[in-house]
Amino acid sequence: MSRPGSSPDEKGVSQNGDPGGQCPLFTNTLNAPVSPETRLLSAFARDTQARKVDLAGREYYSEEGKPFELRLVGKIKQQLSTDPTLHPEYPSSLGLREFTRKATEVALGKHSRAIVENQVLGVQTPGFTAAVRLGAELLRCWYDLSADWCGPVYLSSPCDDSLAGIFQAAGIQEIPSAHYPTGADLSQSQWAVITRLITSRRLFPFLLLPTQALCCGDMERDAWPVQHCASLGMELLCAQSFSHCFGLYGEAVGHLLCVLKQNSVLLPVQSQADKIVRSLWARPSVGGAHVVTTVLSNSAHLVEWQGEVKHIVERCMLIRAILREKLRLLGTPGRWDHLTQQGGLFCCTGLNGEQVEFLSNRRRVYLLPGGCLNVSAINCRNLDYIAESIHLALTSSL
Amino acid sequence: MSAYRTDDCQPWVLPVVKKVERLIVEDESLNHEYLPILGLPEFRSAASKVALGDDSPAIKENRVGGVQALGGTGALRIGAEFLRRWYNGVNNAATPVYVSAPTWENHNGVFADAGFKDIRPYHYWDAAQRGLDLTGFLDDLEKAPEYSIFVLHACAHNPTGTDPTQEEWKQIAEVMKRRKLYVFFDSAYQGFASGSLEKDAWAIRFFVSEGFELFIAQSFSKNFGLYNERVGNLTVVSKDNENLTRVLSQMEKIVRTTWSNPPSQGARIVSKTLNSPELFEEWKGNVKTMADRVLLMRDQLKAKLQALGTPGTWDHITQQIGMFSFTGLTPKQVEYMIKEKHVYLMASGRINMCGLTSKNIDYVAQSIHEAVTKVQ
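Protein chains in written order, with our numbering: chain A, 7 to 404; chain B, 1160 to 1535.
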């Protein structure tokens, strides 16, 4: 019988007690460190100040300050709920075929050569993280068959703090580093340089597309880097999310796109993906995917949806412009062109750690740890306060 | 195929589910945000309650928690990942994991992919007796290294349909407690097996009352007919609240790198149903409807085989419970059924009782009769 807290050198002998009386089994389970995002969320929740502003959320917020459902999405959900032909069947492990077809087209373009030549595999996943995880697992067991490949995987700096964790969970150890959430995208000519390097150095691109259509208001334009790589005949993985552009946050609608060099490897890769999925989540959930497929397959819906997305994008652009103008009028030091040069939901302000802390502690304005903020959370009620706060962060002696 | 079918061989959307779906779609106040990483709180607590019982002391003592997961598979995987990291030492992938022989085909893969290196079968099905091999089972429990993990089917064992009796469960629990073996329940059929939620949860509740710390991977795919919405919950029963908190904090970390935020639709449906007294009653009625139909088919199949004078005993068909039945047909007999009679069953002789209807049962009984009498 072991004692609690026994030395870790005792191999095979457990440090656990037995059930029903003695020491608990998970005495040695450490309290996991709270992630920066969670810490932020709880700090915000505990904050009793009326003026508090949360600019660290991940969803698109309406002018009323709440994540909302696209009108079209609400309509379609109603339709689908009364559709007698929809049956509660198990979807295939790789997801709804119609969905993966549309999701693939939306990333690569309908007439992509890779699609025509059957070099593409699409897998529906329960959300964006799941798509990245599946891609990471696939890379590990397929990419380099001759050796037990486990890295390196390079991530942009800054990036979503959970990204490294996902690759580690898939068994990849080497993750040097270090888009989402900077809003600073590369131009087409910059992409051209990068793809040339990737090809000549035989590197493998894993592209992340979490907020397609929310950057330029145009699905095609936002997917340009993916299409460019594919048109060059590159092999790539692309993790997509439909949460943002459809307002389907709670529905976990993700997609992993694999563009292969030859169609002869399609089936082996597909069977690997199937095997991995079966022991992770077995099959994806279908509700959100049905909505997305319905919209993308119907030209009238498509037009209506694009209209709503355009509205979202224009509002974000407007907020950026107004914020920049406010800062200029206040005489806030520094250059703020990057506010309007960046696009999409998020904005990397360039504020440093101290300034970000000043904002949360003294002004109750919560930014993401790296100084990035969610543009849509700014509205006519809090804009002045936010601009003032940023001004103070940069002008008060800290 | 393992989905429920009506007597017309159609998939069945539970009436209560249709009702609740409409309520949700019409709910203007619905929150459209990402769900928390551990899932919808009211779903998690309701799911654990349905497994452990309304008046569960463990729940009252605040030492029960839940992790919303992508179906039963997702729940198993998160539990397995946690155990591999934090059970029996830290990052001890050598702890043996025992799964029943036979078991659901995915159990092996889930634990292997979670990193466990040593996955072994434990005796379960006695093919000769067409029943539980209790002696073999208990023997494996006695011989397993201490702290080994055992995956137990809470009810309606898949694929044999054979569950231990209450007396047998008591014997199993006694050995597991003495040998410090870890209990990991797979509960995919609560309510669906006998028609009673309480009866189908008896084993789980007994183990909890015996003081075991354990995991329960719950699936609501079958008993809610929500196959496509991936609704699962990993119930964690800990020593106390402090342990529970630490365990859940690590589970959250694991979920964060797997799917991060679970899908909300299915969880909302289950949560609304379980948390409303009228809807809960209605759901229990729907579940009983499904269970009763399967029980009826079992009765009728056995009766018809006896009437035909099919050699052998067929009591196991009504003694077994749940969706599946191990008929005891040999692989050659199964081949005959498939090739000559176009009745599809697994090579193991496993039949999905939901595939039987009043229209085809005579044909199926006749086919089994022929297979048994013509083929050895």
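Heads up, the beta-carbon is just placed ideally off N, CA and C, and yes, glycines get one too.
Note that the coordinates shown come from a computational prediction; the quantities given were computed from them, not determined experimentally.
*Would you say Trp-1245 (chain B) faces chain A, with C-beta separation under 8 angstroms as the test?*
Here the question's residue 1245 (chain B) lines up with position 86 in the second sequence. At a cut-off of 8 angstroms between beta carbons, Trp-1245 (chain B) contacts chain A.
*Just to confirm, are Gly-1425 (chain B) and Leu-1385 (chain B) a CB contact at a threshold of 8 angstroms?*
Sequence index remark: in the second sequence, residue 1425 (chain B) carries index 266 (1-based). Sequence index remark: in the second sequence, residue 1385 (chain B) carries index 226 (1-based). Contact flag set, yes.
*Nearest to Glu-70 (chain A) by CA position, among A:Arg-387, A:Ser-403, A:Glu-394, A:His-397, is which residue?*
On the first sequence, position 64 is the one that residue 70 (chain A) refers to. Among A:Arg-387, A:Ser-403, A:Glu-394, A:His-397, the Cα nearest to that of Glu-70 (chain A) belongs to A:Arg-387.
*Straight-line CA distance for Thr-1532 (chain B) to Pro-1470 (chain B)?*
The residue you call residue 1532 (chain B) lines up with position 373 of the second sequence. The residue you call residue 1470 (chain B) lines up with position 311 of the second sequence. If I take the Cα positions, the gap works out to 7 angstroms.
*What does a CB cutoff of less than 6 angstroms around Ser-247 (chain A) pick up in its chain, not counting 5 residues either side in sequence?*
By 1-based counting over the first sequence, the position of residue 247 (chain A) is 241. Taken in chain order, the residues that qualify are Phe-134, Pro-216, Gly-260.
_Taking the straight line between their C-alpha atoms, what separation do you get for Met-7 (chain A) and Val-1249 (chain B)?_
If you number the first sequence from 1, residue 7 (chain A) lands on position 1. If you number the second sequence from 1, residue 1249 (chain B) lands on position 90. Note on Met-7 (chain A): pLDDT 36, under 50, position unreliable in the model; the coordinate value appears next. For Met-7 (chain A) and Val-1249 (chain B), the distance between alpha carbons rounds to 18 angstroms.
*Do you know offhand how far Cys-353 (chain A)'s Cα is from Asp-191 (chain A)'s?*
Against the first sequence, residue 353 (chain A) aligns to sequence position 347. Against the first sequence, residue 191 (chain A) aligns to sequence position 185. Between Cys-353 (chain A) and Asp-191 (chain A), the C-alpha separation is close to 11 angstroms.
*Do Ser-1423 (chain B) and Gln-1377 (chain B) have their C-beta atoms within less than 8 angstroms of each other?*
Within the second sequence, numbered from 1, the residue matching residue 1423 (chain B) stands at position 264. Within the second sequence, numbered from 1, the residue matching residue 1377 (chain B) stands at position 218. No, the Cβ-Cβ distance between Ser-1423 (chain B) and Gln-1377 (chain B) is not below 8 angstroms.
*What do you reckon, are the CB atoms on Leu-262 (chain A) and Thr-131 (chain A) nearer than 8 angstroms?*
Here the question's residue 262 (chain A) lines up with position 256 in the first sequence. Here the question's residue 131 (chain A) lines up with position 125 in the first sequence. For Leu-262 (chain A) and Thr-131 (chain A), yes; Cβs fall inside 8 angstroms.
*Mind checking whether Gln-218 (chain A) and Cys-251 (chain A) have CB atoms under 8 angstroms apart?*
Taking the first sequence and counting its residues from 1, the one referred to as residue 218 (chain A) is at position 212. Taking the first sequence and counting its residues from 1, the one referred to as residue 251 (chain A) is at position 245. Yes, the pair counts as a contact, with Cβ atoms nearer than the cut-off.
*Taking 8 angstroms as the CB-CB limit, is His-1312 (chain B) close to chain A?*
Here the question's residue 1312 (chain B) lines up with position 153 in the second sequence. Chain A contact via Cβ: absent.
*Sort out for me which residues DSSP pairs Asn-1420 (chain B) with in a bridge.*
In the second sequence, the residue the question calls residue 1420 (chain B) occupies position 261. Paired residues: none, contrary to the question.
*Less than 8 angstroms separating the beta-carbons of Thr-299 (chain A) and Glu-104 (chain A)?*
Along the first sequence, read from residue 1 onward, the residue named residue 299 (chain A) stands at position 293. Along the first sequence, read from residue 1 onward, the residue named residue 104 (chain A) stands at position 98. Yes, the Cβ-Cβ distance between Thr-299 (chain A) and Glu-104 (chain A) is below 8 angstroms.
*From the beta carbon of Gln-1424 (chain B), is the nearest beta carbon of chain A less than 8 angstroms away?*
Your numbering for residue 1424 (chain B) matches position 265 in the second sequence. Yes - at least one Cβ of chain A is within 8 angstroms of the one on Gln-1424 (chain B).
_Within 8 angstroms of any Cβ in chain B, is that where the Cβ of Leu-172 (chain A) sits?_
As a position in the first sequence, residue 172 (chain A) is number 166, starting the count at 1. It should be noted that the sequence gives Ile, not Leu, for residue 172 (chain A). Judged by the 8 angstroms Cβ criterion, Ile-172 (chain A) is in contact with chain B.
_When you compare the CB of Lys-1398 (chain B) with every CB in chain A, is at least one pair closer than 8 angstroms?_
To locate residue 1398 (chain B), count along the second sequence from 1; it is residue 239. With 8 angstroms as the cut-off, Lys-1398 (chain B) counts as an interface residue toward chain A.
_Less than 8 angstroms between the beta carbons of Leu-36 (chain A) and Arg-1405 (chain B), yes or no?_
Position 30 of the first sequence, counted from the first residue, corresponds to residue 36 (chain A). Position 246 of the second sequence, counted from the first residue, corresponds to residue 1405 (chain B). Going by C-beta atoms, Leu-36 (chain A) is nearer than 8 angstroms to Arg-1405 (chain B).
*By the criterion of Cβ-Cβ separation under 7 angstroms, what are the contact partners of Ala-258 (chain A) in chain B?*
On the first sequence, residue 258 (chain A) is found 252 positions in, with the first residue counted as 1. Ordered by position in chain B, the residues that pass the 7 angstroms Cβ test against Ala-258 (chain A) are Trp-1418, Asn-1420, Pro-1421, Pro-1422.
_Between the region 1253-1264 of chain B and the region 1283-1294 of chain B, can you find at least three pairs of beta-carbon atoms closer than 8 angstroms?_
Judged by Cβ distances under 8 angstroms, the region 1283-1294 of chain B makes contact with the region 1253-1264 of chain B, as three or more pairs qualify.
_Through-space distance from Phe-32 (chain A) to Glu-1441 (chain B), alpha-carbon basis_ = One-based indexing of the second sequence puts residue 1441 (chain B) at position 282. One-based indexing of the first sequence puts residue 32 (chain A) at position 26. About 39 angstroms.
*Residue environment, Arg-1452 (chain B), which counts as buried when at least 16 other CB atoms sit within 10 Å*: Position 293 of the second sequence, counting from 1, holds the residue named residue 1452 (chain B). Classification of Arg-1452 (chain B): buried, given that the 10 Å Cβ count is 16 or more.
*Sorted by chain position, which residues of the same chain lie with C-beta nearer than 6 angstroms to Glu-310 (chain A)'s C-beta, five sequence neighbours on each side aside?*
Position 304 of the first sequence, counting from 1, holds the residue named residue 310 (chain A). Correct list, in chain order: Leu-78.
_On the DSSP letters alone, give me the boundaries of the alpha helix (DSSP H) that Phe-411 (chain A) sits inside._
Since the first residue shown for chain A is 7 and the last is 404, residue 411 (chain A) is missing from the structure and cannot be characterised.
*asked:* Against chain A, does Gly-1225 (chain B) count as a neighbour if the rule is that its beta carbon must be under 8 angstroms from one of theirs?
replied: For the purposes of this step, residue 1225 (chain B) is taken as the residue at position 66 of the second sequence. With 8 angstroms as the cut-off, Gly-1225 (chain B) does not count as an interface residue toward chain A.
*In the region 1276-1295 of chain B, which residues sit with their C-beta less than 9 angstroms from some C-beta in chain A, listed in chain order?*
none
*How would you call Gln-1227 (chain B), buried or exposed, if buried means at least 16 neighbouring beta carbons within 10 angstroms?*
The residue given as residue 1227 (chain B) occupies position 68 in the second sequence. The residue is buried, with at least 16 neighbouring Cβ atoms inside 10 Å.
_Members of the region 278-298 of chain A that neighbour chain B once the beta carbon cut-off is set at 8 angstroms_ = Lys-281, Ile-282, Arg-284, Ser-285, Leu-286, Trp-287, Ala-288, Arg-289, Pro-290, Ser-291, Val-292, Gly-293, Gly-294
_Given the structure, does Phe-1365 (chain B) come close to the ligand NAD, in the sense that its CB is under 7 angstroms from one of the ligand's heavy atoms?_
No copy of the ligand NAD occurs in the structure displayed, which carries no ligand at all.
*Check whether the Cβ atoms of Ala-1239 (chain B) and Val-1209 (chain B) sit closer than 8 angstroms, and answer yes or no.*
Translated into positions along the second sequence, residue 1239 (chain B) becomes position 80. Translated into positions along the second sequence, residue 1209 (chain B) becomes position 50. Cβ distance not < 8 angstroms, so Ala-1239 (chain B) and Val-1209 (chain B) don't count as in contact.
*Determine the closest residue to Leu-272 (chain A) out of A:Val-126, A:Asp-89, A:Thr-88, A:Leu-47, with distance taken between C-alpha atoms.*
Within the first sequence, the letter at position 266 stands for residue 272 (chain A). With distances taken between Cα atoms, Leu-272 (chain A) lies closest to A:Val-126.
*Answer yes if the region 192-203 of chain A comes into contact with the region 81-92 of chain A, meaning at least three C-beta pairs across the two stretches below 8 angstroms, and no otherwise.*
Too few Cβ pairs lie closer than 8 angstroms, so no.
*asked:* To be precise: take each residue of the region 1249-1275 of chain B, compare its Cβ to all Cβ atoms of chain A, and keep it if any distance is under 7 angstroms. Which residues remain?
replied: Val-1249, Asn-1265, Gly-1268, Val-1269, Asp-1272
*Proximity of Gly-1481 (chain B) and Phe-1309 (chain B) at Cβ, strictly below 8 angstroms*: Within the second sequence, numbered from 1, the residue matching residue 1481 (chain B) stands at position 322. Within the second sequence, numbered from 1, the residue matching residue 1309 (chain B) stands at position 150. No, the pair does not count as a contact, with Cβ atoms beyond the cut-off.
*Does the beta-carbon of Pro-231 (chain A) have 16 or more other beta-carbons within 10 angstroms, so that it is buried, or is it exposed?*
Stepping through the first sequence from its first residue, residue 231 (chain A) is reached at position 225. That one is buried.
*asked:* Which residues in chain B have a C-beta closer than 9 angstroms to the C-beta of Phe-105 (chain A)? List them in chain order.
replied: Numbered from its first residue, the first sequence carries residue 105 (chain A) at position 99. Within 9 angstroms Cβ-Cβ: nothing; Phe-105 (chain A) doesn't reach chain B, min ~12 angstroms.
*Mind pulling the chain B residues with CB within less than 7 angstroms of Ala-38 (chain A)?*
What you label residue 38 (chain A) is simply residue 32 of the first sequence in a count that begins at 1. Correct list: Ser-1408, Gln-1409, Glu-1411, Lys-1412.
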